[in-house]
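A.B. asks: With the working numbering, the residue at position 313 of the sequence shown is 315, and numbering never jumps.
All C-beta atoms, glycine included, are put in the ideal place defined by N, C-alpha and C.
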Amino acid sequence: MRLLVTGGAGFIGANFVHGSVRDHEVTVLDALTYAGSREALAPVAGDIRLVEGDVTDAELVTKLVAEADAVVHFAAETHVDNALADPEPFLRSNVVGTFTILEAVRRHGVRLHHVSTDEVYGDLELDTRRRFTEETPYNPSSPYSSTKAAADMLVRAWVRSYGVRATISNCSNNYGPYQHVEKFIPRTITNVLTGRRPKLYGSGANVRDWIHVDDHNAAVWRILADGQAGRTYLIGAECERDNLTVIRTILTLMGRDPDDFDHVTDRAGHDLRYAIDPTPLYDELGWAPKHTDFDEGLRATIDWYRDNESWWGPLKDVVEAAYEERGQ
Ligand code: NAD
Ligand code: TDX
Numbered sequence: 003m004r005l006l007v008t009g010g011a012g013f014i015g016a017n018f019v020h021g022s023v024r025d026h027e028v029t030v031l032d033a034l035t036y037a038g039s040r041e042a043l044a045p046v047a048g049d050i051r052l053v054e055g056d057v058t059d060a061e062l063v064t065k066l067v068a069e070a071d072a073v074v075h076f077a078a079e080t081h082v083d084n085a086l087a088d089p090e091p092f093l094r095s096n097v098v099g100t101f102t103i104l105e106a107v108r109r110h111g112v113r114l115h116h117v118s119t120d121e122v123y124g125d126l127e128l129d130t131r132r133r134f135t136e137e138t139p140y141n142p143s144s145p146y147s148s149t150k151a152a153a154d155m156l157v158r159a160w161v162r163s164y165g166v167r168a169t170i171s172n173c174s175n176n177y178g179p180y181q182h183v184e185k186f187i188p189r190t191i192t193n194v195l196t197g198r199r200p201k202l203y204g205s206g207a208n209v210r211d212w213i214h215v216d217d218h219n220a221a222v223w224r225i226l227a228d229g230q231a232g233r234t235y236l237i238g239a240e241c242e243r244d245n246l247t248v249i250r251t252i253l254t255l256m257g258r259d260p261d262d263f264d265h266v267t268d269r270a271g272h273d274l275r276y277a278i279d280p281t282p283l284y285d286e287l288g289w290a291p292k293h294t295d296f297d298e299g300l301r302a303t304i305d306w307y308r309d310n311e312s313w314w315g316p317l318k319d320v321v322e323a324a325y326e327e328r329g330q
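#1: On a CA-only basis, which of V107, F92, L34 and Y276 is nearest T138? Give me that one, please.
#2: Locate the alpha helix (DSSP H) running through W289, then write down its first and last residues.
#3: Taking the beta carbon of E322 as the centre, do at least 16 other beta carbons fall within 10 Å, making it buried, or is it exposed?
#4: Let me check one thing: in DSSP terms, what residues is D264 bridge-paired to?
#5: Cβ of H272 within 7 Å of any heavy atom in ligand 2?
#6: Would you grab the beta carbon distance between G299 and Y177 for me? Rounded to a whole angstrom, and I think it's under 8 Å.
#7: Are the Cβ atoms of G99 and A72 separated by less than 8 Å?
#8: Hey, quick one: how far does the alpha helix (DSSP H) through N193 stretch, first residue to last?
#9: Rounded to the nearest angstrom, how far is the Cβ of V46 from that of V19, given a contact under 8 Å?
#10: Quick one: is the Cβ of F92 within less than 7 Å of any heavy atom of ligand 1?
#11: Which one of L126, L43, V63 and D262 has the shortest CA to CA distance from I278?
#12: What span of residues does the alpha helix (DSSP H) with V67 cover, start to end?
#13: Roughly how many angstroms separate the alpha carbons of F13 and S147, rounded to a whole number?
#14: Near L283, which residues of its chain fall below 8 Å by C-beta distance, leaving aside the five closest residues on each side in sequence?
#15: Return yes when at least one heavy atom of ligand 1 lies under 7 Å from the C-beta of S144, else no.
#16: Pair every Cβ in the stretch 204–218 with every Cβ in the stretch 155–169, then say whether three or more of these pairs are closer than 8 Å.
#17: Is G10 buried or exposed, if buried means 16 or more other CB atoms sit within 10 Å of its CB?
#18: Along the beta strand (DSSP E) that carries N172, what are the first and last residues, could you check?
#19: Look up T135 in the DSSP assignment and say whether it is helix, strand or coil.
#20: Got a sec, what are the start and stop residues for the beta strand (DSSP E) L5 sits in?
#21: Determine the contact status of L274 and L128, defining contact as a CB-CB distance below 8 Å.
#22: Kindly identify the DSSP beta-bridge partner or partners of Y32.
#23: Which runs of the alpha helix (DSSP H) at least 4 residues long sit entirely within the stretch 70–149? Give them in chain order.
#24: Keeping to the same chain, check which residues put their C-beta closer than 8 Å to that of D297; ignore five residues upstream and five downstream.
Now the structure itself:
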C-alpha cells in the first residue's frame with residue numbers, strides 16, 4: 003500500500019512508521035513542531051519520503067492524498083498542559099487539520115484512519131469499575147480533548163454525509179520509545195536521569211489506562227486491514243494504574259527511594275480516571291496486547307531513555323523551564 007502518515011515524526015506516528023516500512027511505501031507529512039523530530043525517523047530515513055508541511059495546508063494535503071491508497075492521521079497538538087496554557091494551536095491543528103484531511107480524502111476517494119483518544123469521553127469516577135465503550139457519550143473536559151472530540155465528530159459527519167471511507171480509534175495512554183519528555187512517564191524517567199526530582203500532580207490518585215505504543219499501532223493496523231468503514235474502535239490494554247503507583251514504580255526500577263519525588267500544583271480540571279473496554283477489538287478483529295507486563299514495559303522504556311539521551315537531551319531543559327514557570 004502507498005500510505006500517507008500524518009504526524010509520523012511524533013511519538014506514536016514514528017513508531018508506526020518504523021513498523022510499516024518493510025511492507026508499505028510510506029510518505030510522512032509532518033510540520034516538525036516542537037513535538038516532531040527527523041531523528042525519530044532516522045532508523046528508516048532511507049526507506050520513506052518525509053514531507054515537512056502542515057496538515058492545514060489544503061493544496062499540499064490534497065496533492066499527497068491523491069498519491070496515496072490510505073491515510074493514517076496521527077498529526078495533532080497532544081499535550082493537555084500546553085492546551086491549558088494556549089489552546090489556539092490545538093484548534094488549528096486538530097480541528098482545521100482534520101477538516102483539511104477529510105476534504106482531501108473525500109475528493110480522491112481515499113481510505114482514512116483517524117487516530118483519536120479516550121479523553122473525548124471525559125473521565126470516570128475513581129471508585130467504580132465502569133469503563134468507556136463505543137456507546138459512552140462524548141464529554142470532553144480539556145481544551146485538548148474537546149478539539150479531539152470535534153475532530154472525531156467531523157469524521158463521523160463526513161462518513162454519513164459524503165460516504166467517506168473512514169474509521170476512528172480512541173486509544174488510552176501510550177508509553178514507549180520516542181515519547182516527548184513533556185509527558186508523564188518520560189518526564190519522570192528523564193528527571194531521574196538528569197538528577198531532578200520527579201513531579202506528581204496533586205495527590206496522584208488519578209488513574210490512567212496504560213498501553214505500549216507497539217500494541218496501539220498493531221491495533222491500528224488490524225483496523226486498517228479489516229475495520230468497518232464508519233466504525234469507532236476503542237483501544238486499551240486493561241492496565242489501569244494510579245499516578246502515584248507509576249511514579250513509585252519508576253523510582254524503584256531505577257534504584258531510587260520510591261518517595262523521592264515532589265508533589266506539585268494539580269492540573270486544572272484534571273481528569274480522574276480513564277479506562278477502556280477493548281472487548282470488541284478482541285472479538286471482532288482478533289487483536290490482543292502483547293506487552294501485558296507493565297513493569298517489564300517500564301523497565302524496557304527506562305533502558306531506552308538511558309541509551310538515547312542524544313535524542314531527548316536537547317529538549318529537556320526547555321521543557322523543565324516551561325514547567326517551572328507553571329509551578330509544575
Ligand atoms: P506527539 O505530540 O508526540 O506527535 C504529534 C506529531 O504531529 C508531531 O510530529 C508534530 O510535529 C505533528 N504535528 C502537530 N501539528 C501538526 C500540523 N499542524 N501539521 C502537521 N504535523 C503536525 O503525539 P503522539 O503522542 O504521537 O500522538 C499522536 C496521535 O495519537 C494524536 O492524534 C493523539 O491525539 C493520539 N493519541 C495519543 C495518545 C498518547 O498517549 N500519546 C493516546 C491516544 C491518542
Ligand atoms: O510531571 C507530571 N506529573 C504528573 O503527575 C506529568 C507530566 C503528568 N502527571 C499526571 C497527569 C496525568 O494524570 O500524569 C498523568 C499523565 O499525564 P500526561 O502524560 O500529560 O498524559 P494525559 O494528560 O493523560 O494525556 C495523554 O494520554 C492521552 C496524552 O498526552 C494525550 O495526547 C492522549 O490523548
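C.D. replies: On the basis of the supplied data:
#1: Y276
#2: It is not in any alpha helix (DSSP H) - W289 carries neither H nor E in the DSSP assignment.
#3: buried
#4: Paired residue(s): K201.
#5: Yes, since a heavy atom of ligand 2 falls inside the 7 Å radius drawn around the Cβ of H272.
#6: 7 Å
#7: No, they are not a contact pair.
#8: For N193, the enclosing alpha helix (DSSP H) has its first and last residue at F186 to L195.
#9: Their Cβ separation, rounded to whole angstroms, is 6 Å, which keeps V46 and V19 in contact under 8 Å.
#10: no
#11: L126
#12: A60 to A68
#13: 18 Å
#14: A221, R224, Y235, L236, I237 and W289
#15: no
#16: Contact between the stretch 204–218 and the stretch 155–169 is absent: fewer than three C-beta pairs spanning the two stretches fall below 8 Å.
#17: buried
#18: A168 to C173
#19: In this structure, DSSP gives T135 a state outside helix and strand, which the three-state scheme calls coil.
#20: R4 to T8
#21: yes
#22: Before going on, a small fix: residue 32 reads as Asp here, not Tyr. Looking at the DSSP assignment, D32 forms a beta bridge with E54.
#23: Those alpha helix (DSSP H) runs which fall completely within the stretch 70–149 and span 4+ residues are 82–87 and 99–110.
#24: Closer than 8 Å at the Cβ level, and outside the excluded window around D297, lie T251 and L255.
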